[in-house]
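Colleague:
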Amino acid sequence: MSKYILRRVLIAFPLILAVTTVVFFMLRIAVPGDPAKLMAGDRATPELIEQIRKNLGLDRPLAEQYLIFLRNFAQGDLGRSVKFREPVLGVIAKAFPFTAAITFLSVSVGSAIGLLIGIITAVYQRTWIDNLGIVTAVFFYSIPTFWLGLMLILIFAVGLRILPVQGAGSWRHFVLPVATLAVGQSALIARLTRSSMIEVLSTDYVRTARAKGLAHRRVLIGHALKNTLIPVITVVGLSVGGLLGGAVITESIFGLPGVGRLAIDSISNRDYPMIQGTVILVAASFVFVNLIVDIIYAFVDPRIRYE
Amino acid sequence: MNSDRPQGLYTLVIMKFVRNRVALAGLACLLIILLAIIFAPQVTPYDPIQKDTPARNQAPSLLHPFGTDKLGRDIMSRVLYGGRVSLQVGFLSIGLAVIISAPLGLFAGFFGGFLDNVIMRVMDLILAFPGLILAIWLVSLLGANMVNVIIAIAFFSLPTYARLIRGITLSIREMEYVMAARSMGAGSARIMFYHILPGVLGPMIVVTTLGVSGAIVAGASLSFLGLGVRPPTPEWGAMLADGRNYLRTQWWIAVFPGMTITLVVLILNIIGDALRDALDPNVRA
Numbered sequence: 000m001s002k003y004i005l006r007r008v009l010i011a012f013p014l015i016l017a018v019t020t021v022v023f024f025m026l027r028i029a030v031p032g033d034p035a036k037l038m039a040g041d042r043a044t045p046e047l048i049e050q051i052r053k054n055l056g057l058d059r060p061l062a063e064q065y066l067i068f069l070r071n072f073a074q075g076d077l078g079r080s081v082k083f084r085e086p087v088l089g090v091i092a093k094a095f096p097f098t099a100a101i102t103f104l105s106v107s108v109g110s111a112i113g114l115l116i117g118i119i120t121a122v123y124q125r126t127w128i129d130n131l132g133i134v135t136a137v138f139f140y141s142i143p144t145f146w147l148g149l150m151l152i153l154i155f156a157v158g159l160r161i162l163p164v165q166g167a168g169s170w171r172h173f174v175l176p177v178a179t180l181a182v183g184q185s186a187l188i189a190r191l192t193r194s195s196m197i198e199v200l201s202t203d204y205v206r207t208a209r210a211k212g213l214a215h216r217r218v219l220i221g222h223a224l225k226n227t228l229i230p231v232i233t234v235v236g237l238s239v240g241g242l243l244g245g246a247v248i249t250e251s252i253f254g255l256p257g258v259g260r261l262a263i264d265s266i267s268n269r270d271y272p273m274i275q276g277t278v279i280l281v282a283a284s285f286v287f288v289n290l291i292v293d294i295i296y297a298f299v300d301p302r303i304r305y306e
Numbered sequence: 000m001n002s003d004r005p006q007g008l009y010t011l012v013i014m015k016f017v018r019n020r021v022a023l024a025g026l027a028c029l030l031i032i033l034l035a036i037i038f039a040p041q042v043t044p045y046d047p048i049q050k051d052t053p054a055r056n057q058a059p060s061l062l063h064p065f066g067t068d069k070l071g072r073d074i075m076s077r078v079l080y081g082g083r084v085s086l087q088v089g090f091l092s093i094g095l096a097v098i099i100s101a102p103l104g105l106f107a108g109f110f111g112g113f114l115d116n117v118i119m120r121v122m123d124l125i126l127a128f129p130g131l132i133l134a135i136w137l138v139s140l141l142g143a144n145m146v147n148v149i150i151a152i153a154f155f156s157l158p159t160y161a162r163l164i165r166g167i168t169l170s171i172r173e174m175e176y177v178m179a180a181r182s183m184g185a186g187s188a189r190i191m192f193y194h195i196l197p198g199v200l201g202p203m204i205v206v207t208t209l210g211v212s213g214a215i216v217a218g219a220s221l222s223f224l225g226l227g228v229r230p231p232t233p234e235w236g237a238m239l240a241d242g243r244n245y246l247r248t249q250w251w252i253a254v255f256p257g258m259t260i261t262l263v264v265l266i267l268n269i270i271g272d273a274l275r276d277a278l279d280p281n282v283r284a
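Chains as they are written, first to last, in numbering that gives the first Met the number 0: chain E, 0 to 306; chain W, 0 to 284.
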């Protein structure tokens, strides 16, 4: 087991290094034009552009820039934000809890609801409960995040006036953003759990469990559920990527000062160190979440450990 | 199914698909929407961009079924014309992704070894970024316009298709009929084209159908965030971004474009699911 975990960790680190390398070189190579000029804006004086170039170390050879960048990155230094005039990591650290909170809450709430609906629809396969569940899940799965967010505002904040439209002052500000993300998540997990459960319910060992007279509930929870969870766990991990993308949209709709909002603002401010920092950090968190999922996976399915 | 003629896989798949009434209704709806979008100038008398100040801020009525915005532009016309942009983004980005990733996945799976390793590690790297975040970042670097939105969405979609095709190629490569073809002297190119590619086709149709719906949403998301198509060009995401400022007073500006995206995405998802069921021999019609 520890060997397996070690191997997963050893895969994750080079991946994060590769991510940062790509992000670094994309800005320097793929961008048409001079990053210093882009950052300074259209009406900047040549002196200002030169100043920015020097501040960012863009006047040095690319290889040297890269080594400096790596050294700083290893020390937790992702440069200084042009807009905030503060270390990038510090600004992100202030925004991160908001994004982490809505992502974590929507994954947990959405997956729990999805799991429950998936199990119920699988158990009541080919009845009206199942049909209702499938139709609702496909519908909720298809609603784009940004529209769902606006409609929830229209209904609960503008219409019923029971929840705030924007801001991050109290727990009530998090209800709508989390709901916006959790709806799609629950639909995704419900669909997957249903098909996974149906497959497991038709296996021989479940039939054996039933044949020896175990109670229905016991068969479901004690025997079928664990194997049902195997594909579900993988997708929960992968769905975090979608939710982090969705967080950008929900944060912008609900005015939450999270990392997603920060990324979008940095783009309009041409704050390239900040953009670079947010992209690296979001990708690194995603790799980290999937590392954890891989480890949980090995606990649920012992076969994985001996791969 | 007691017909005397032998039935091919695709005849069976189509027969199974046709029996799914929900999917058929969806297909019909999709065709109607597509026709309305293609023939937008004939369907609607209003210009989607031209201002019409006297008609501004009107609630939905017979004259303007989806209402008008603050410049008096007919929302339904803008939804129809906007569909051209959104659907182009959806289909072109996935088309581009498939064209690039199909040979990558095929070669990786067929030849294996070093080539496979290089291609799949690059795909892993792309997958390390959450899709929409990667797209947002690429568009911010390349510049916000429709072509770059298509490139960005195609880019983050690459691993999905490359992995799928590689996986299927790996399993077909070992099949007896491929060995038979090889023993008869068929070359690699012939085996890939005539023996492996047809096997890839079915699952690919399902995944691309679902991919197009995802790409439409991703494109609209980018425009919603101000990183895609710019106003005054009508586009579904951009229209929603505009409408969010008028939720209290002119709800129809945000409601109708969003309903249209949801409807199109829902239909594509239903069709994709139905195709998946039709291709799955374990699912009865």
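We put the CB at the ideal spot given by N, CA and C, even for glycine.
These figures come from a predicted structure and were not determined experimentally.
In the DSSP assignment, find the unbroken alpha helix (DSSP H) run with Asn56(W) in it and report its ends.
Modeller: Premise fails: Asn56(W) is in no alpha helix (DSSP H) and is neither H nor E.
Colleague: Tell me which residues share the same chain as Thr261(W) and place their Cβ nearer than 7 Å to its Cβ, disregarding the 5 neighbours each side in the sequence.
Modeller: none
Colleague: Should Phe285(E) and Phe154(W) be called a contact, given that it needs their Cβ atoms to be closer than 9 Å?
Modeller: no
Colleague: Any beta carbon of chain E sitting closer than 9 Å to that of Gly257(W)?
Modeller: Interface residue, yes.
Colleague: Does any residue of chain W bring its CB to less than 9 Å from the CB of Leu175(E)?
Modeller: no
Colleague: If you scan the segment 121 to 182 of chain E from start to end, which runs of the alpha helix (DSSP H) of 4 or more residues do you find wholly inside it?
Modeller: 127 to 141, 144 to 151
Colleague: Would you list the one or two residues that DSSP bridges to Arg79(E)?
Modeller: Pro86(E)
Colleague: Rounded to whole angstroms, what's the CA-CA distance from Trp251(W) to Ser141(E)? Just pull it up for me.
Modeller: 20 Å
Colleague: Could you check whether Gly132(E) and Arg193(E) sit closer than 9 Å to each other, using their CB atoms as the reference points?
Modeller: Yes. Within cutoff.
Colleague: Assign Gly313(E) to one of two classes, buried (16 or more other C-beta atoms within 10 Å of its C-beta) or exposed (fewer than that).
Modeller: There is simply no residue 313(E) to check, as chain E begins at 0 and stops at 306 in what is shown.
Colleague: Here's the rule: buried if 16 or more other CB atoms are within 10 angstroms of the residue's CB, otherwise exposed. What is Ile279(E)?
Modeller: buried
Colleague: What separation, rounded to the nearest whole angstrom, lies between the Cα atoms of Ala39(W) and Ser76(W)?
Modeller: 7 Å
Colleague: Spell out a yes or no on whether the segment 167 to 184 of chain E and the segment 202 to 210 of chain E are touching, meaning 3 or more CB-CB pairs, one atom from each, closer than 8 Å.
Modeller: no
Colleague: Tell me which same chain residues have a C-beta within less than 7 Å of the C-beta of Gly236(E), skipping the five on either side of it?
Modeller: In the same chain as Gly236(E), and ignoring 5 residues on each side of it, the C-beta atoms closer than 7 Å to its own belong to Val288, Asn289, Val292, in chain order.
Colleague: Can you tell me where the alpha helix (DSSP H) holding Ile4(E) begins and where it ends?
Modeller: For Ile4(E), the enclosing alpha helix (DSSP H) stretches over residues 1 to 24.
Colleague: With a 10 Å radius around its C-beta and 16 neighbouring C-beta atoms as the bar for buried, classify Ser220(W) as buried or exposed.
Modeller: buried
Colleague: Between Leu151(E) and the rest of its own chain, which residues show a CB-CB distance below 8 Å, the 5 nearest in sequence each way excluded?
Modeller: Leu175, Ala178, Thr179
Colleague: Within a Cβ cutoff of 8 Å, which residues of the same chain sit near Gly240(E), ignoring the five residues on either side of it in sequence?
Modeller: Taken in chain order, the residues that qualify are Phe285.
Colleague: Chain E partners of Ser220(W), CB-CB under 9 Å?
Modeller: Under the 9 Å cutoff, chain E gives Pro143, Thr144, Phe145, Gly244, Gly245, Val247, Ile248.
Colleague: Ignore the nearest five residues each way along the sequence and tell me which others in Ile248(E)'s own chain have a CB closer than 6 Å to its CB.
Modeller: Answer for Ile248(E): Thr144, Phe145, listed in chain order.
Colleague: Relative to chain W, which residues along the segment 175 to 194 of chain E have a C-beta separation below 8 Å, given in chain order?
Modeller: none
Colleague: Nearest chain W C-beta to Arg6(E) closer than 9 Å, yes or no?
Modeller: For Arg6(E), the answer is no, since every Cβ of chain W falls outside 9 Å of its Cβ.
Colleague: What in chain E is Cβ-close to Ala253(W), meaning under 7 Å?
Modeller: Leu149
Colleague: Which same chain residues, not among the five before or five after Ile263(E), have their C-beta less than 7 Å away from its C-beta?
Modeller: Val247, Ser251
Colleague: Does chain E have any CB closer than 9 Å to the CB of Ser212(W)?
Modeller: yes
Colleague: Once DSSP output is grouped into helix, strand and coil, what is the label at Asp73(W)?
Modeller: strand
Colleague: Should Ile341(W) and Leu140(W) be called a contact, given that it needs their Cβ atoms to be closer than 9 Å?
Modeller: Look at the range of chain W in this structure, 0 to 284, and you will see that residue 341(W) is not part of it.
Colleague: Under the rule that 16 or more other beta-carbon atoms within 10 Å means buried, what is Gly168(E), buried or exposed?
Modeller: exposed
Colleague: Against chain E, with Cβ distances strictly below 9 Å, would Leu140(W) count as a contact?
Modeller: yes
Colleague: In three-state terms, what does DSSP make of Thr43(W)?
Modeller: coil
Colleague: By the three-class DSSP mapping on this structure, what secondary structure does Thr277(E) have?
Modeller: Helix.
Colleague: Taking only beta-carbon atoms, is Leu8(W) less than 9 Å away from chain E?
Modeller: no
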